[in-house]
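Engineer: Residue numbering for the sequence shown follows the numbering used here, starting at 326 and increasing by one per position. Just so it is clear, CB atoms sit at the ideal spot from N, CA and C, and this is done for glycine as well.
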Amino acid sequence: MATTVILSHDHRTLTSGFNCGKFLLDTYIKTQASQDVKRKLSACFVSVDHVSGLIQGYYTFSNNSIPLGLIPENYKNKLPVSYSSGPATLLGRLAVDARFQGAGIGKMLLIDALNRSHEISQSVGSFAVVVDPLDDEAARFYTKYGFILLPDSHKMFLPMKTVGRLFEEN
């Protein structure tokens, strides 16, 4: 089982061979991720296979917010009326290299991301984890893990309280 680590200069040669089959996700890890990390625009975490040394997959985090008007009523009523948006953690990208697809790496990366986002929310306020699925396949993946579609948006969210309960049970 691989562990996730923050993308570093040491991974630069490994990113060039990454191929998940989605042009935008492949291009991002190959050309943009290290620049975004350097500029503090996002954090990128990679899972490196201990046997082959290849990047199995990656995900990115950045700060975000959900406009109050998009939050479903049963969640919105838990926020102060004076808030115009709810602070959130954006899980901006999540991808698994084609050589490792079907082995549970996507689930492992998502669990790692949710655990990390919950830990971060203890010191930096975050009401939810937000994703913006690239396509229907990605939306089905997130739906399977309890993400809720935000009305009038392609984005989905998972309340941090729900995330916290996932890790309290384990």
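Specify whether the region 391 to 411 and the region 423 to 434 touch according to this definition: at least 3 beta carbon pairs, one from each stretch, less than 8 Å apart.
Structural biologist: The region 391 to 411 is not in contact with the region 423 to 434.
Engineer: Quick one: what's got a C-beta closer than 6 Å to residue 361's C-beta in the same chain, skipping five residues either side?
Structural biologist: Contacts found: 367.
Engineer: Please state if the CB of residue 369 and the CB of residue 421 are separated by a distance shorter than 7 Å.
Structural biologist: Going by C-beta atoms, residue 421 is not nearer than 7 Å to residue 369.
Engineer: Could you compute how far the alpha carbon of residue 425 sits from the alpha carbon of residue 405?
Structural biologist: If you take the alpha carbons of residue 425 and residue 405, they lie about 44 Å apart.
Engineer: Can you tell me whether residue 402 is buried or exposed, with buried defined as 16 or more other CB within 10 angstroms of its CB?
Structural biologist: It counts as exposed.
Engineer: Which residue comes first and which comes last in the beta strand (DSSP E) that contains residue 385?
Structural biologist: First-last of the beta strand (DSSP E) with residue 385: 380 to 392.
Engineer: Which class does residue 331 belong to by DSSP, given the choice of helix, strand or coil?
Structural biologist: Looking at residue 331 - three-state DSSP - the assignment turns out to be strand.
Engineer: Do you know how far the Cα of residue 390 is from the Cα of residue 364?
Structural biologist: Going by the C-alpha atoms only, they are around 20 Å apart.
Engineer: Starting from residue 368, trace the beta strand (DSSP E) both ways and give me its first and last residue.
Structural biologist: Its beta strand (DSSP E) spans residues 368 to 373.
Engineer: For the alpha helix (DSSP H) containing residue 435, list its first residue and its last residue.
Structural biologist: Here the alpha helix (DSSP H) through residue 435 covers 430 to 446.
Engineer: Pick from 337, 440 and 470: whose alpha carbon is nearest that of residue 378?
Structural biologist: The shortest Cα separation from residue 378 among 337, 440 and 470 belongs to 337.
Engineer: Check for me: the beta strand (DSSP E) holding residue 410 runs from which residue to which?
Structural biologist: Element bounds for residue 410: 410 to 421.
Engineer: Which two residues bound the contiguous beta strand (DSSP E) that contains residue 483?
Structural biologist: Where residue 483 is concerned, the enclosing beta strand (DSSP E) stretches over 481 to 484.
Engineer: Please state whether DSSP places residue 473 in a helix, a strand or coil.
Structural biologist: Residue 473: strand per DSSP, three-state reduction.
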